[in-house]
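Working notes, structure below.
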Amino acid sequence: MKKIGFISAAFVTLFAAGAASAQFVWLDEKGVKQYSDMPPPASVPKSRILKGLSKEARAAAPADASASDNKEKTPAINADKQPMTTAEKNVEFQKRRAEQAEKEKKAAEQEKLAADKAKSCERAREYQRTLESGVRITRSDRDGERTFVSDEERARELRDTRTILQECKS
């Protein structure tokens, strides 16, 4: 029983290793073999491609590629109609990530500004209620002595507070 388990494990390992091997093999301009899971660049002549997709898979690949391109927001092919390299994909990813971070930062700033405005408006409403109540309001002057707010100062403060509250409504 142990032998059967060992043989099964070895078979699964060999099968997985075969699936993980490169799908494309070609000779570059210097004659060095290149292995990749991406097709070779368009500049590589077909005579230098040693291993690639089967004829059936090649026929199906353009249809699959066009369907996936329609789903993606960013094109997976550069201006030369060659597949994007990993470095180009990284640059695009970093760019999208930076844009998303910037959007989130702006949204957080807008949220904070809205919260601050709401807090200031609530303070202005409370101050307006205090001014309209007729309760005597005192202030401390430079020397620390208490002084009462005059009726003229109260009217001016009330007018200023109403102006501030007009901005809160908009």
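Position one of the sequence shown corresponds to residue 4 (our numbering), numbered consecutively onward.
We put the CB at the ideal spot given by N, CA and C, even for glycine.
Which same chain residues, not among the five before or five after residue i, have their C-beta less than 8 Å away from its C-beta?
{"i": "L53", "result": "V28, W29, L30, K36"}
{"i": "L168", "result": "C124, A127, R128, Q131"}
{"i": "P48", "result": "none"}
{"i": "S143", "result": "R149, T150"}
Using only CA atoms, which one of the options lies nearest to residue i?
{"i": "R51", "options": "E112, D154, E32, G147", "result": "E32"}
{"i": "A121", "options": "G137, E155, K172", "result": "K172"}
{"i": "F151", "options": "R139, K49, R145", "result": "R139"}
{"i": "P44", "options": "E155, A110, T88", "result": "T88"}
Between which two residues does the beta strand (DSSP E) holding residue i run?
{"i": "Q37", "result": "36-39"}
{"i": "R139", "result": "That residue, R139, is in no beta strand (DSSP E); it is neither H nor E in DSSP."}
{"i": "K54", "result": "52-54"}
{"i": "R149", "result": "149-151"}
If I measure Cβ to Cβ from residue i and keep anything under 6 Å in the same chain, skipping five residues before and after, which residues do I get?
{"i": "M41", "result": "P86"}
I'd like to confirm the pairing. Which residues does DSSP put opposite residue i in its beta bridges?
{"i": "T166", "result": "Note: T166 sits in no beta bridge, so no partner."}
{"i": "L30", "result": "K36"}
Does the distance from the CB of residue i to the CB of residue j come in under 8 Å?
{"i": "Y130", "j": "T166", "result": "no"}
{"i": "L134", "j": "E170", "result": "no"}
{"i": "R149", "j": "T141", "result": "yes"}
Say the cut is 7 Å; is the CB of residue i nearer than that to a heavy atom of the ligand ATP?
{"i": "L53", "result": "This structure lacks the ligand ATP, and indeed carries no ligand of any kind."}
Would you please verify whether the beta carbon of residue i is less than 8 Å from any beta carbon of chain C?
{"i": "F96", "result": "Considering every chain present, this structure includes no chain C. It has just one protein chain."}
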